[in-house]
Amino acid sequence: MESGSLATELLRPPSPRRRRTDKAMRALMWTATFIALVPLVLVLYYTLKKGIGALDWEFFSTDPTGSFLGTQGGVKSAILGTLEIVGFAAVVAVPLGIGVALYLTEYGGRGRLAQAVRFFVDVMTGVPSIVFGLFIYLVLVLGGTGGSTFAGWKGSAALALLMLPIVTRSSEVALQLVPGSLREAALALGAPRWKVVLRVVLPTAASGIVTGSLLAIARAAGETAPLLFTSTIVKGTTFDLNEPMNSLPAQIFQDLKQPNDELVQRAWGAAITLIAMILTLTLVAKLIQRRSRGKGAT
Amino acid sequence: MNPQPTDATGEAAPETTTGGRPQNVPVVTEDGAAGTPNRPAPGGRQVALSDLSAYYGDHRAVKEVNVSFSAGEVTAIIGPSGCGKSTMVRCINRMHEEIDGARAEGQVLIGETDLYGPDVDVVAVRRAVGMVFQRPNPFPTMSIYDNVAAGLRFTGAPRSEIDARVTDALKAAGLWEEVKDRLDKHGSGLSGGQQQRLCIARALAVEPEVLLMDEPCSALDPVATLKIEELIGELKERVTIVIVTHNMQQAARVADTTVFMLDGELVEVGSTHKLFTTPEDERTERYVSGKFG
Chain S
1 MESGSLATEL LRPPSPRRRR TDKAMRALMW TATFIALVPL VLVLYYTLKK
51 GIGALDWEFF STDPTGSFLG TQGGVKSAIL GTLEIVGFAA VVAVPLGIGV
101 ALYLTEYGGR GRLAQAVRFF VDVMTGVPSI VFGLFIYLVL VLGGTGGSTF
151 AGWKGSAALA LLMLPIVTRS SEVALQLVPG SLREAALALG APRWKVVLRV
201 VLPTAASGIV TGSLLAIARA AGETAPLLFT STIVKGTTFD LNEPMNSLPA
251 QIFQDLKQPN DELVQRAWGA AITLIAMILT LTLVAKLIQR RSRGKGAT
Chain H
1001 MNPQPTDATG EAAPETTTGG RPQNVPVVTE DGAAGTPNRP APGGRQVALS
1051 DLSAYYGDHR AVKEVNVSFS AGEVTAIIGP SGCGKSTMVR CINRMHEEID
1101 GARAEGQVLI GETDLYGPDV DVVAVRRAVG MVFQRPNPFP TMSIYDNVAA
1151 GLRFTGAPRS EIDARVTDAL KAAGLWEEVK DRLDKHGSGL SGGQQQRLCI
1201 ARALAVEPEV LLMDEPCSAL DPVATLKIEE LIGELKERVT IVIVTHNMQQ
1251 AARVADTTVF MLDGELVEVG STHKLFTTPE DERTERYVSG KFG
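Protein chains in written order, with this note's numbering: chain S, 1 to 298; chain H, 1001 to 1293.
What follows is the structure, given as structure tokens:
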């Protein structure tokens, strides 16, 4: 081809058809984004509008009274219960999940056991949360394990089962992102395998693991179904995990069914509280992610 | 955490310098085999491979190689891609077996000891045989100081020694002047060439007898490459160096002895000058004159 025709080729303005397609596609993308944002904004707006009136000092500092008439009280027991139940679940599930992920990436490799574990982790990710609740109900609640029927720690057990595959999966991804060359470097320096994992692999993957774990905790904190028939719904605050324990999602579930405007408003207020708690966790996770990315780049 | 910037460690180990630094004159100590137990004898130790074969599953990548690398020398291994040169050096510190399905047969002798003997501790082997990889791979979560100290900490060196040995290793790697004011900064902030010298310092800090370098300059620019090559010339007083390179000019510049490999077999070993000017094997001649590879 001669240079003259190449120049005309390069300088020719885009055809009207290309322009039209470009414009149409752009419009389509903006519309799709807008449509996707509508429910999100509406949920936030509606929750705030309905629930903001419920928020006052008393809301956070008193337990539900349960009396038919008169003052209904706040959701202190539910907030503390959620923190206790989710906290205990995280203490159990996060180290366990990281352990499984370490096995999968550092030791199991492509072995048969590792493949089987991977498969079951995937299956567990897809199990509906109510099934975990039902399982704990059948095994721990009906059996009266630990001398109690419904108990906070049984709710934690159900949530831990729910979190375990999420923590495992996200940690595995974070660990796989650690370059093999770093493991090689450490091994070649004469580090035993466990030190390679502890001093090089885990610190390098730390931000990803923490982020994934926080998101798993956030996910568990919003679950209702696993708690309904494990830790159930009570009024009073308790710090004994072997007693029935209140939680925010369960309290919302309970209050919304009541023919009492004050209780329904309390449910919306509890929803705002829960959203704020989860949002905080998510923001912390994002912050950690961003900080570590900045560090890696330079 | 920060080491004192001690400049007076010269009496402990043979001092090496970078090209243009005037204050240090290389000190060559004359004791041969008898170093103190912690410090390797200057010049490292001889390494001998005997009937060494390496496999990836059923594929034999290195075929019954017999060769020895002399102490106090730089030996370059050249050959076309896939000829087994990297695999062979990875057998010397037993890193080859870290790959799934990989194994080695035969002997690798350092002094009298067979590294593949039944009672040999792999971790101890890797302490005695350091390695520098193709791409600089400093630990991203650690500071420059911690990177160099990493090997010492992995192997449980006494805390009191770490400062001095980090300083010594950084000086030996010609990096001390460039990083002494920012030892607590991350190693990833250094240039590629500096990172590679940091990796060399990291390997030197555990005071190995042998240093393997697997194409250490292939990811670096010419200036950084030159610096590393100068460094190799200085370090051979301290450790036995085996360098894999696909760059024949580099082999000619740095190596005392050159080994030519082809298809997993050792074709020819000779002094670098002889191998490049009057090779005995016709295949070597064809390779070094650029007719294939």
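Idealized CB from N, CA, C, for every residue including glycine.
Using a beta-carbon distance below 7 Å, is residue 1238 (chain H) in contact with chain S?
-> no
Could you name the residues of chain H that residue 199 (chain S) contacts, counting a contact when the two beta carbons are closer than 8 Å?
-> 1150, 1153, 1154
Contact with chain H by residue 195 (chain S), beta-carbon distance below 7 Å | yes
Neighbour-count burial assignment, residue 1086 (chain H), 16 or more Cβ in a 10 Å radius | buried
Buried versus exposed, by CB contacts within 10 Å (16 or more), residue 1118 (chain H) | exposed
Over the uninterrupted alpha helix (DSSP H) stretch that includes residue 96 (chain S), give me the two end residues.
-> 76-102
Taking residue 1179 (chain H) as the query, report the chain S residues whose CB atoms sit under 8 Å from its CB, ordered along the chain.
-> Chain S residues near residue 1179 (chain H): none, gap ~15 Å exceeds 8 Å.
Could you tell me which chain H residues have their CB closer than 9 Å to the CB of residue 247 (chain S), listed as they occur along the chain?
-> Going along chain H, no residue has its Cβ under 9 Å from residue 247 (chain S), so there is no contact; the nearest lies around 37 Å.
Using 7 Å as the limit for Cβ to Cβ distance, is residue 1137 (chain H) near chain S?
-> yes
Is the stretch 184-199 of chain S touching the stretch 139-150 of chain S in the sense that three or more CB pairs, one from each, lie closer than 8 Å?
-> no
Compute the Euclidean distance between the alpha carbons of residue 1160 (chain H) and residue 1168 (chain H), then round it to the nearest angstrom.
-> 14 Å
Looking at the unbroken beta strand (DSSP E) that takes in residue 1059 (chain H), where does it start and where does it end?
-> 1059-1069
Entirely enclosed beta strand (DSSP E) segments - the stretch 1127-1177 of chain H, minimum 3 residues | 1129-1132
Helix, strand or coil for residue 1110 (chain H), going by three-state DSSP, please let me know.
-> strand
Could you give the distance in angstroms between the alpha-carbon of residue 277 (chain S) and the alpha-carbon of residue 79 (chain S)?
-> 10 Å
Considering residue 1316 (chain H), what are the terminal residues of the beta strand (DSSP E) in which it resides?
-> Here chain H has residues from 1001 to 1293 only, and residue 1316 (chain H) is not among them.
Could you name the residues of the stretch 1087-1120 of chain H whose beta carbon sits closer than 8 Å to any beta carbon of chain S, in the order they occur along the chain?
-> 1093, 1095, 1098, 1100
Taking 7 Å as the cut-off, decide whether the C-beta atoms of residue 54 (chain S) and residue 160 (chain S) are in contact.
-> no
Quick one: using the 10 Å Cβ neighbour count with 16 as the cut-off for buried, is residue 6 (chain S) buried or exposed?
-> exposed
How about residue 221 (chain S): is its C-beta nearer than 7 Å to some C-beta of chain H?
-> no
How many angstroms separate the CA atom of residue 1023 (chain H) from the CA atom of residue 1046 (chain H)?
-> Confidence at residue 1023 (chain H) is low in this model, with a pLDDT of 39, below 50, so its placement is unreliable and the value that follows should be read with caution. Distance between the alpha carbons of residue 1023 (chain H) and residue 1046 (chain H): 32 Å.
Residues within the stretch 164-182 of chain S neighbouring chain H, beta-carbon criterion of under 8 Å = 179, 181, 182
Might you give, ordered along the chain, the residues of its own chain that have their beta carbon closer than 8 Å to the beta carbon of residue 117 (chain S), omitting 5 neighbours on each side?
-> 100, 103, 104, 108
Compute the beta-carbon to beta-carbon distance between residue 1192 (chain H) and residue 1172 (chain H), rounded to the nearest angstrom, for a pair I have assumed lies under 8 Å.
-> Between residue 1172 (chain H) and residue 1192 (chain H) the Cβ distance is about 20 Å, and since that is not below 8 Å, they are no contact.
Min CB distance residue 1213 (chain H) to chain S below 7 Å = no
Give the DSSP-derived three-state secondary structure of residue 1096 (chain H) in the structure shown.
-> helix
State the DSSP-derived secondary structure class of residue 1186 (chain H), mapped to helix, strand or coil.
-> strand
Report yes if the C-beta distance between residue 62 (chain S) and residue 50 (chain S) is below 7 Å; otherwise report no.
-> no
Listing by chain order, which chain H residues have their CB less than 7 Å from the CB of residue 203 (chain S)?
-> 1141
Under 7 Å between C-beta atoms, does residue 1127 (chain H) make it to chain S?
-> yes
Specify, as a first and last residue, the run of the alpha helix (DSSP H) that residue 124 (chain S) falls within.
-> 112-126
Does DSSP put residue 1051 (chain H) in a helix, in a strand, or in coil?
-> strand
Please name the residues in the stretch 1179-1212 of chain H whose beta-carbon is closer than 9 Å to at least one beta-carbon of chain S, in chain order.
-> 1186, 1188, 1189, 1199, 1202, 1203, 1205, 1206, 1208, 1212
What residues from the stretch 90-120 of chain S come within 9 Å of chain H, judged by C-beta to C-beta, listed N to C?
-> 109, 110
Could you tell me whether the stretch 1172-1188 of chain H touches the stretch 1140-1148 of chain H, using the rule of 3 or more Cβ pairs below 8 Å?
-> yes
Please list, in chain order, all residues of the same chain as residue 1166 (chain H) whose beta carbon is under 7 Å from its beta carbon, the five residues on each side excluded.
-> 1003, 1145, 1148, 1149, 1205
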